[in-house]
Structures are given as structure tokens and as C-alpha cells.
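Chains as they are written, first to last, in my numbering: chain C, 1 to 197; chain L, 1001 to 1197.
Each residue gets a CB set at the ideal place from its N, CA and C atoms; glycine is no exception.
Working notes, structure below.
Number of protein chains: 2
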Amino acid sequence: METLERKQRSREQTRAGIVLTAKDIARREGWQAVSIRKIADAIDYSAPIVYEYFDSKDILLDEIRNEGFRQLKLEYERIKKIYRDPEKRLFEMSIAQWQFAVDQPEIYQVMYNLNGAYCTIPVCNSGAVEDLSNTIREIIFSFIPKSKESIQKLYFEWWSLSHGMITIAMMLRDQQPIDLSEQVYRDSIRRFVRGLR
Amino acid sequence: METLERKQRSREQTRAGIVLTAKDIARREGWQAVSIRKIADAIDYSAPIVYEYFDSKDILLDEIRNEGFRQLKLEYERIKKIYRDPEKRLFEMSIAQWQFAVDQPEIYQVMYNLNGAYCTIPVCNSGAVEDLSNTIREIIFSFIPKSKESIQKLYFEWWSLSHGMITIAMMLRDQQPIDLSEQVYRDSIRRFVRGLR
DNA sequence: TACATCAAGTTAACAGTGTTAAATTGACGT
DNA sequence: ACGTCAATTTAACACTGTTAACTTGATGTA
Chain C
1 METLERKQRS REQTRAGIVL TAKDIARREG WQAVSIRKIA DAIDYSAPIV
51 YEYFDSKDIL LDEIRNEGFR QLKLEYERIK KIYRDPEKRL FEMSIAQWQF
101 AVDQPEIYQV MYNLNGAYCT IPVCNSGAVE DLSNTIREII FSFIPKSKES
151 IQKLYFEWWS LSHGMITIAM MLRDQQPIDL SEQVYRDSIR RFVRGLR
Chain L
1001 METLERKQRS REQTRAGIVL TAKDIARREG WQAVSIRKIA DAIDYSAPIV
1051 YEYFDSKDIL LDEIRNEGFR QLKLEYERIK KIYRDPEKRL FEMSIAQWQF
1101 AVDQPEIYQV MYNLNGAYCT IPVCNSGAVE DLSNTIREII FSFIPKSKES
1151 IQKLYFEWWS LSHGMITIAM MLRDQQPIDL SEQVYRDSIR RFVRGLR
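Shown next, in the form of C-alpha cells:
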């Protein structure tokens, strides 16, 4: 039955179109401006159609969020294949996180409920976040084999440092050139990584 | 004319009531649930009355935000009076920031557009933020007199570290006890402050 | 060909949002 | 008793997320 296959394919395309349109509106006008009707208009459908693909706006945002975490995880895997040194690995992954936030701020925003993006589904309920966390925790462990609690503590520090600098840099975008912020970020991360050995 | 005085007073009371109600709803149901009509209901007025005190919801949120920054600034001043040692000062101010975020998460949220709070007025446009920044920058300068750029860089690092740990700790509230997070926060801030000399 | 079935998609509605213009109300001075 | 004026409310507009009810067109069957 090719009709079914074709239908399947078009279903997936429409679904992708919804996600793409949502991200597009968010990028151009901010998450506050993303509405089901606007998405429906953009993909030439009426609003209820969107609900055939996503049970609620919340779930749509959650999907986009997890997509973001998964994309980041892919970056991490790529880096893991290139470098063997744990220090280099952690440093490069940190840079990847920075680049991700700079290149796709709207995705980073929905991942952390920032700047008008608001998804009520708890972030940590997704396996995608746990996956990401584990990758980093493993690296930290790989050159500092310690107790689970110690690793978690170091991971918490790394995450806070990275996320904090990214969000404050975004906030100060107009007062402090992003390139300068990136330089400070690199230095801080380098210090943190050095401090691990 | 005492009538005018009394009217003035009641005007200020109503105004304060609006702010108080907004914060109250935010605390209990989140910023997403704060609506002009709900506020009006709570203070026994109709919705348009709110607009006699605040030209828009955005401006109301901005007011609450700046109130938060001013309150934090008062804490900083208090600490400045108690301690003379710059290291102690910066450490205690960091702790004050942590305590502020834990005690009044809804205020911290609106200050940084977190978790559904969304105010389109740029944060850095307010003198309150500049005031706060200067207080910290002065302290950093007071025991490391360097160029303006260096001070700004260190301030950016401190702010990122503090804000990052606060937001991530909030996020992991259910996975990682807040007391443990605070301990890590204290350690990290201590390290940062030590590293300044 | 005529009819029933069924899926795809639309319209219409509900309760809510921020915001504003118009209407109401009631107290005051003339 | 009448007009004025301030305080307050009602009604409206264009939105929002979401759902029930409806239309439409194609398909299979008698």
C-alpha cells in the first residue's frame, strides 16, 4: 500500500513543519509570540489540525526542548570521537554548549524556560537531559574517579558555571560584546577543567 | 485639605495592593497565572482601575523587578556596614543573593525573566541594576585595583557563577536537596573570592 | 448509478488574556 | 433642582489554548 506510506510520510512532514514553524516564529518574534493559530496559518491548516500532532502546546514545546537536548548530545558524541583526553573533551563540550546557545538562542531558551518560553513539563523528566548529564558525568569520572556524590557535585558546578555565563552573556549582549564574553567563558571553563586534576 | 491627603494615601495603598497581589498570585500559581483581571478582583476593583496605576502589565512587572533589585541593594548596604573586609563583604553579599532567591523565588524569577515571568523592558535599562552592579564592582576593585575592563570581567564571572548556581539549584530542587546545593554554592563562592587576592 | 461509510479538515464556540472607549454613577457647588 | 466632574464599571476588540460539532469529498458496496 503505497498510499499508506505516502500518507505516513506526509504526516511526518507536516509534523516537522509544525516544529519548524514554531522555532521560526520563536527565533524572529520570541516564544511569547508563538501561537497555535499562527503555526497553523504558516503550514496552511486550521488550528485544530495542530492538535492531531501534538496534544497540547506544552507537549509541542517539550518536543522542541528534547530535540535540542538530543542535538547537543550528538555534538558531545562527535567530540568524544575526536578527542581522547578528558580535559580536552570537557573543554570542547563546553564550547559546543556555548556555540549551541549562540547559534540557536530560541532553542536554548525553551530548554531552560528563558525569556518568555514556558513549558510546564519538568525539564528533568526527559531522558534526553539525563543522557546529556551522564555524558558529562562520565567524563568527569574518567579522570577523577570519585564517589557518585562528588561527581554529581562537580557536574553541578560545571553546569552552573556554563549555564550562568551563557545566560548572563545573553542578557548583557548589548553592553558587553559577545566575543569578549566568549573569551571570559573559555578562560573560566579552562580554569575549571584544570582544577579537576 | 485632608481629603486630598487621604486620597493620596489611599492611592498609594491601592497601588501597593496591586503590587502585593501580583506577587502573591505569582508565588502561589506562577507568573503565567498573573492576570490584570485576577489582580483587580483581589483588590475589589474592575480591571481598568489597574491601568490608572500602571500603564501596562509590562510596567507593573518592571516595577516589581526593580523593587527586587532595590531590596537586594539594601541588603548589600547592610552587609557593607557590618563587615570591612572585602572578602567577607563579597562572600556575605553572595549569600544574601542566594537567600533572596530562595526566600522569594517569584521575585528572582521576574528579575531574570525565568519560568514564565516575562517582562519585555530590558533589565539593564533600570538604574537599580546599575546600582547593584556598581556595589559589587566597587568591592572587587577595593581589593584588586585594576582596570575597568578587568573589574567588569571579574564581575561578569561572579555574577554568572552566582546566577548559574541559583537557577540550576532551583531546577534540580527535586533531585538535589537545596541545602546541599547551598553548600556547594558557598564552597564555589569562597573559592572565587579567595582566587581574587 | 445510488447510497452508506469514513476520514480530513473546517467552523464555531468557550473561557480566558491585555487593553481601551464609552457609559454609568454619585457627590459637589451653584 | 441642575450641571459639572471625578470615580468606577461595562462593553468591546483582537487575541490566546482548546474542543465539539459540522462539512466535505472520496471510497467501497449493492
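C-beta contact flag for residue i and residue j at 8 Å
i, j, result
"ASN113 of chain C", "LEU1114 of chain L", "yes"
"ILE1140 of chain L", "LEU1196 of chain L", "yes"
"TYR1083 of chain L", "GLU1075 of chain L", "no"
"TYR1168 of chain L", "TRP31 of chain C", "Correcting the residue type first, residue 1168 of chain L is Ile in the shown sequence and not Tyr. Result no, Cβ atoms of ILE1168 of chain L and TRP31 of chain C do not sit closer than 8 Å."
"TYR155 of chain C", "SER133 of chain C", "yes"
Assigned secondary structure, residue i (DSSP; H/G/I helix, E/B strand, else coil)
i, result
"LEU1172 of chain L", "coil"
"LEU161 of chain C", "helix"
"LEU1060 of chain L", "helix"
"LEU196 of chain C", "coil"
"THR1003 of chain L", "In this prediction, THR1003 of chain L scores a pLDDT of 45, lower than 50, which makes its location untrustworthy; the coordinate-derived value is nonetheless stated afterwards. Residue state, collapsed to three classes: helix."
"PRO1086 of chain L", "helix"
Straight-line gap, residue i to residue j (C-alpha atoms, nearest Å)
i, j, result
"VAL123 of chain C", "ARG65 of chain C", "8 Å"
"ASP62 of chain C", "MET1170 of chain L", "19 Å"
"THR1003 of chain L", "ALA1040 of chain L", "Only weak support is given to the placement of THR1003 of chain L: the predicted model assigns it a pLDDT of 45, under 50, and the question is left unresolved by the model."
"ILE36 of chain C", "ASP44 of chain C", "12 Å"
"LYS1073 of chain L", "SER1181 of chain L", "24 Å"
"ARG1089 of chain L", "LYS1080 of chain L", "6 Å"
"SER147 of chain C", "GLU138 of chain C", "12 Å"
"GLU1106 of chain L", "MET165 of chain C", "22 Å"
"TYR108 of chain C", "GLN175 of chain C", "21 Å"
"GLU149 of chain C", "GLU130 of chain C", "16 Å"
"LEU1020 of chain L", "GLU77 of chain C", "49 Å"
"GLU1029 of chain L", "ASP1055 of chain L", "24 Å"
"THR14 of chain C", "GLY68 of chain C", "19 Å"
"PRO177 of chain C", "GLN8 of chain C", "47 Å"
"ARG1186 of chain L", "GLU1157 of chain L", "15 Å"
"GLN1104 of chain L", "TYR1053 of chain L", "24 Å"
"GLU12 of chain C", "ARG191 of chain C", "45 Å"
"ILE1151 of chain L", "GLN1099 of chain L", "25 Å"
Rounded Cβ spacing between residue i and residue j (contact assumed at less than 8 Å)
i, j, result
"ALA1117 of chain L", "VAL1110 of chain L", "4 Å"
"LYS153 of chain C", "VAL1193 of chain L", "Not a contact, Cβ separation roughly 19 Å."
"ALA47 of chain C", "VAL34 of chain C", "Contact doesn't hold; Cβ gap of about 13 Å is too wide."
8 Å Cβ shell around residue i - same chain, five flanking residues per side excluded
i, result
"ASP58 of chain C", "CYS119, THR120 and ILE121"
Residues of its chain near residue i, where Cβ-Cβ distance is below 6 Å and the 5 sequence neighbours each way are ignored
i, result
"GLY1017 of chain L", "ILE1043"
"SER1162 of chain L", "SER1094 and GLN1097"
"SER1142 of chain L", "PRO1086"
"LEU1172 of chain L", "none"
"ASP1179 of chain L", "none"
Close beta carbons around residue i, own chain, < 7 Å, minus the five adjacent residues each side
i, result
"ARG70 of chain C", "ALA128"
"LYS38 of chain C", "ILE25"
"SER1010 of chain L", "none"
"ILE1049 of chain L", "ALA1040"
Residue i: CB within 7 Å of a non-hydrogen atom of the ligand NAD
i, result
"SER94 of chain C", "Looking at this structure, you won't find the ligand NAD or any other ligand, since it has none at all."
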